[in-house]
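Trainee: All letters in the sequence shown, in the order written, are residues 25 to 155 by the numbering used here. Idealized CB from N, CA, C, for every residue including glycine.
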Amino acid sequence: IALLQYHALPSYYTFGQFQTVSNPVRTMASGNGGPFGVNVTAFGNSVNVSTGLVNTPVNSAVYSQSPVAVYQVDKVLLPEEIFGVKPPAAAPTPEPGAPVSSPAVSPSGASASGASTSSACGSMAALAKGL
């Protein structure tokens, strides 16, 4: 239901009133001061709606008679609050006194201490072939 409510504004706007709206514009999905706003930009006779994920022009009024206006848009407006990519969770910090992991091995086969691991890999391959 929130997706449908996201496509409706709680106030009547004529095409010309989009020139002076303050962003973000609340939608019916916003409730009382909640998220789910859209950004409306106007340049001359062109009006554009952006959700953060979708950017689309408002083409024309299908119906406009106070108190209802219906405008044509070319794309489904997807709210970031529902469809946005959530940032990955932060890695947990190690506890004080926790053991430190083993040294990293570089692509050349040398560990951080300088010892080579390539001979061990070669020996394992020879054992696997039965040599």
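Rank Pro48, Gly68, Ser54 by C-alpha distance to the C-alpha of Gly76 and give the top, closest one.
Mentor: Closest option to Gly76, Cα to Cα, is Pro48.
Trainee: Which whole runs of the beta strand (DSSP E) in the stretch 39-81 are 3 residues long or more, in chain order?
Mentor: For the stretch 39-81, whole beta strand (DSSP E) runs of length 3 or above, ordered along the chain, are 63-67, 70-74.
Trainee: Can you give me the C-alpha to C-alpha distance between Gly61 and Thr51, rounded to a whole angstrom?
Mentor: Taking the straight line from one Cα to the other gives about 6 Å.
Trainee: In angstroms, rounded to a whole number, what distance separates the CA positions of Ser84 and Gln96?
Mentor: One C-alpha to the other measures close to 6 Å.
Trainee: Exposed or buried, which one is Ser90 when buried takes at least 16 other CB atoms within 10 Å?
Mentor: Burial call: exposed.
Trainee: Within the same chain, show all residues whose beta-carbon is closer than 6 Å to that of Thr38, passing over the 5 residues directly before and after it, in chain order.
Mentor: Around Thr38: no qualifying Cβ.
Trainee: When the Cα atoms are used, what is the spatial distance from Ala114 to Ala53?
Mentor: C-alpha separation (whole angstroms): 30 Å.
Trainee: Determine the burial state of Tyr87: buried for a count of at least 16 other Cβ atoms within 10 Å of its Cβ, exposed for fewer.
Mentor: Exposed, by the Cβ-count rule.
Trainee: Evaluate Leu28 with the Cβ neighbour count: other Cβ atoms within 10 Å of its Cβ, from every protein chain shown; 16 or more gives buried, anything less gives exposed.
Mentor: It counts as exposed.
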